[in-house]
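The opening residue of the sequence shown carries number 17 in our numbering; numbering runs sequentially from there. Since the structure comes first, as structure tokens, the remarks are kept for the end.
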Amino acid sequence: MNIIVGNAWPYANGPLHLGRIAVWLPGDIIARYHRLMGDEVIFLSGTDCHGTPVTMRAKDEGITPLEATIKYHAEFKKCFDNLGFSFDIFEKTHSEYHEEKVKEFILELYNKGYIYDKVIEQTYCENCNEFLSDRYVEGKCPHCKELVSEDQCENCSELIDYEDLLEKRCKLCGNETMEKETKHLFFALSNFENDVRRLLIRQKGWRENAKNIVKRYLDEGLRDKAVTRDFNWGVDVPLEGYEDKKIFVWIEAVMGYLTASMKALEGKDEDWKDYWQGEDSRVYFVHGKDNIPFHTVIFPAILAGLGVKNPNLRVISSEYLKLEGKNFSSVKNWAIWADYIVENYNIDEFRYYLTLNSPEVKDTDFTWRDFINVSNRDLVNNFSSFIKKVLTEIEENYKSNVPKGIISKELKDEILNLYFDIGDYIEEGHFKNALIDIMNFIKKANREYDNKEKNIYEALQVIVNLSNLLEPFIPMTCEKLRVALSLDEPIWSYIEKKEGKISKIDPLFEKLDRKRASDEIKRLKNEKN
17 MNIIVGNAWP YANGPLHLGR IAVWLPGDII ARYHRLMGDE VIFLSGTDCH
67 GTPVTMRAKD EGITPLEATI KYHAEFKKCF DNLGFSFDIF EKTHSEYHEE
117 KVKEFILELY NKGYIYDKVI EQTYCENCNE FLSDRYVEGK CPHCKELVSE
167 DQCENCSELI DYEDLLEKRC KLCGNETMEK ETKHLFFALS NFENDVRRLL
217 IRQKGWRENA KNIVKRYLDE GLRDKAVTRD FNWGVDVPLE GYEDKKIFVW
267 IEAVMGYLTA SMKALEGKDE DWKDYWQGED SRVYFVHGKD NIPFHTVIFP
317 AILAGLGVKN PNLRVISSEY LKLEGKNFSS VKNWAIWADY IVENYNIDEF
367 RYYLTLNSPE VKDTDFTWRD FINVSNRDLV NNFSSFIKKV LTEIEENYKS
417 NVPKGIISKE LKDEILNLYF DIGDYIEEGH FKNALIDIMN FIKKANREYD
467 NKEKNIYEAL QVIVNLSNLL EPFIPMTCEK LRVALSLDEP IWSYIEKKEG
517 KISKIDPLFE KLDRKRASDE IKRLKNEKN
């Protein structure tokens, strides 16, 4: 099967915190699982380089947007590598390859009539003597009347054309704005209601938040969206008369999924469309609930306009992870930064806890006390303890040789069924349930080993298969385990080690001092802005 796993692309406007990592981690779990299944996988993402969030961050730091892009793209790549994200390609939208492909797509949509010219009234600031892009305008949401300064309302999740904001003001000078005529390109999103509706009807594996938001958009009717903007940072418009404008980031950035997949397949005798609409293909989009409209309405409409009509799309759209009862906030520095985790903790501890505490169907809360308690309970007292007991017995009583024995049919069937069940959970986006089942299996094996209900050979085969079953979740730990057991590359299938040597292994996880939770909470409060 051809698999694309597309993680949402972070803006080049600041470092990554745990709230964002928690939303993207399922992408790596899915990609690793499908590789173990023997599927052809393209796990992709990249840095979203254009748009006002980037220019505003660059201005705050006293650097150019290009310098901000280079800086944060390098930081993101290093961060994801350290967190064990196994991207096949991590691109950036500010690249010659991406920009040229985007221009080709825009021209194709224009020539097909799906992009058209339109004269509109646009927000203009007389005091600043310029048309204002969305992030430089603030006002009230036309749907819920809450204050908005971005292209999506945080309160009601509606996508907003900033021309529709109420009581608008210029964020640069604070003055009231006016409307002035200008010509732009528009995408005929309204033409694709049937395509989006068909996708929703045929959906499989979508979360309820995604289904509900798409239903609401369809009930309200899809509205055409501006493709161009008056801005000086972004992709040039490949049509005459638009030399002073750039392609809007909302359409250009989501095309990054296509351009990255095309680049990943360069030099291979494969058609990129086979990954997006082939009979034996599947596409996963992994993102937060704030990105649902872009991935379930807008991008499928773009795909349909480009001739990709029926993608086998699965939407892994998470709710929000909170921190000690409050929303993560980069501005207020209420966050656990990814680089801090890399420098101070075992990465797999966090991968495990973020998966077990994943905001799959509702907002969840990261607390230091719970993180430490869960890590000690599951990873130290259960998983690591079981492995240490079994491998120590083999070292002391069998001179580190695999003991002779047989595995009961009941245990082998139990392990086989676990592969099927965990695989189904991963494909359906139920990662928490997958880990719960694996941990319950380990607890049972641990108890039966202590009670002499399982022999040493059977206990070893449990550990051997755990190195496969836990690979998508805690890959660095499983690699250490495979080295100690002298195992080949992992596969998603029952395996049995019948002979050979077992190497000594250091404890896979160390117990965390509960006092550390208080220290971390104190540090968090002291660093809050």
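We treat Cβ as the ideally placed atom computed from N, Cα and C, and that holds for glycine. Values in this document were obtained by computation on a predicted structure and should not be read as measured data.
- Contact annotation: the stretch 452-467 does not touch the stretch 340-357, with fewer than three C-beta pairs closer than 8 Å.
- Assigned with DSSP and collapsed to three states, Thr244 falls in strand.
- Listed as beta-bridge partners of Glu154 by DSSP are Arg185.
- Look at the stretch 103-167 and you find these whole runs of alpha helix (DSSP H), each 4 residues long or longer: 112-127.
- Taking C-beta atoms as the reference points, Val57 and Ile105 fail to come closer than 7 Å.
- In the DSSP assignment, Met194 falls within the beta strand (DSSP E) that extends over Met194 to Phe203.
- Val331 sits in a strand when the DSSP states are folded into three classes.
- As computed with DSSP, Leu427 is found in no beta bridge at all.
- Its Cα nearest to that of Ser345, the residue His33 stands out among Asp64, Leu497, His33 and Val39.
- The distance from the Cβ of Lys187 to that of Val153 is about 7 Å, consistent with a contact at the 8 Å cut-off.
- The C-alpha of Asn449 is placed about 21 Å away from the C-alpha of Val480.
- Secondary structure of Lys261 (DSSP, three-state): coil.
- For the pair Thr371 and Ile537, the Cα-to-Cα distance works out to about 21 Å.
- When DSSP states are grouped into helix, strand and coil, Thr68 belongs to the helix group.
- Between Val313 and Tyr368, the gap from beta carbon to beta carbon reaches 7 Å or more.
- The Cβ neighbour count for Ile217, taken over all protein chains shown within 10 Å, is under 16; the residue is labelled exposed.
- Separation of Asp180 and Glu174 (C-alpha to C-alpha, rounded to the nearest whole angstrom) is 12 Å.
- Of the residues Ile318, Asn145, Asn373 and Phe402, the one whose Cα lies closest to the Cα of Leu482 is Phe402.
- If only uninterrupted beta strand (DSSP E) runs of at least 3 residues are considered, those enclosed by the stretch 278-355 are 297-304, 329-334 and 337-339.
- Residue environment: Lys520 is assigned as exposed (fewer than 16 neighbouring CB atoms within 10 Å of its CB, all protein chains considered).
- Residue state for Glu443 is assigned as helix, using DSSP reduced to three classes.
- When only Cα atoms are considered, Lys75 and Asn228 end up about 38 Å apart.
- According to the DSSP secondary-structure assignment, Ser61 is paired through a beta bridge with Phe106.
- Here Cys157 is buried. Its C-beta has 16 or more other C-beta atoms within 10 Å.
- Per DSSP, the unbroken beta strand (DSSP E) holding Val21 starts and ends at Asn18 to Asn23.
- When only Cα atoms are considered, Val251 and Tyr27 end up about 15 Å apart.
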